[in-house]
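Read the structure below first, then the notes.
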Amino acid sequence: MISVVALVGILITLAIPAWSRARHAYERAATISSLRAIGSAMQLYAADNDGYLPGPFWSGNFASYSTLDDRTLGYRLWSYLGIPAPTGALQTAKILTNPANTRLRQSPQSPVYFLTDRITADGLPNIDSPWGKRDSSTTPATDTRPVKLAVLSNYSLSKTWAIQDIDQQLMPSNYSRYGQLPRQPVLGDVRMTLYFDWHVAPVPVN
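Note that the numbering used here numbers the sequence shown so that position 179 is 171, with each residue one more than the last.
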């Protein structure tokens, strides 16, 4: 009996690392698929809207969406992502989820991705708020339109990132949803990243 228990313990010990590796591979693949879908949707949106990027967006964005908030990825891109049209009820789009974020976030209200708020390149002017910006101090609120993809033509799009996994190490501690975020990068030593040429690649965590 003791030898059977010991054998079971050994098998469990051997299985745990394999299970952990399989989970990590699944979460990584799911994140890549999600970001590729977002990139394709943004590219199609721009083609249908005179070259403009979609937006404005919240910088920390969510898998959930509804007609009550027009600054979510789901609200702006639903028709290109193949997800249901937004309604007054909150919906969650699986394609916008990141399983690692879901597992490690500190609140179900946590954003999933961070959308860049500034584009920089040596020798070129910074582009602030490429997704547009909302001024809520006016009544009604006024929006600054997103930039056109053509504006980015002088930048190295394959090296200019658009969207990344979000976590506390990426964001300042005064970020309004900081306490909801995963404490560490959700994929370990990398953040999965979508670039403005719409390819996806892992970026090592500094």
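We put the beta carbon where it would ideally sit given N, CA and C, even for glycine.
Nearest-angstrom beta carbon gap, residue 84 and residue 111 [assumed within contact, 8 Å]: Separation of the CB atoms of residue 111 and residue 84 is rounded to 29 Å, and the pair is thereby denied contact status at 8 Å.
Classification of residue 43 by the beta-carbon crowding that lies within 10 angstroms, buried from 16 upward: Of the other Cβ atoms in all chains shown, fewer than 16 fall within 10 Å of the Cβ of residue 43; this residue is therefore exposed.
Contact set for residue 10: own chain, Cβ-Cβ below 6 Å, skip 5 residues either direction: Excluding positions up to five away in sequence, the list is empty.
Host beta strand (DSSP E) of residue 153 (start-end): 153 to 157 is the extent of the beta strand (DSSP E) around residue 153.
Element boundaries [alpha helix (DSSP H), containing residue 45]: Here residue 45 belongs to no alpha helix (DSSP H), and DSSP marks it neither H nor E.
Exposed unless 16 or more other CB atoms sit within 10 angstroms - verdict on residue 13: Counting of Cβ neighbours within 10 angstroms places residue 13 among the exposed residues, the total staying below 16.
Residue interval of the beta strand (DSSP E) (run including residue 186): Run containing residue 186: 182 to 187, per the beta strand (DSSP E) assignment.
Spatially closest choice to residue 19 from 157, 170 and 175, by CA coordinates: Distance check between residue 19 and each of 157, 170 and 175 places 157 closest, using alpha-carbon atoms only.
DSSP bridge partner residues for residue 113 (one or two, in chain order): Beta-bridge partners assigned by DSSP to residue 113: 116.
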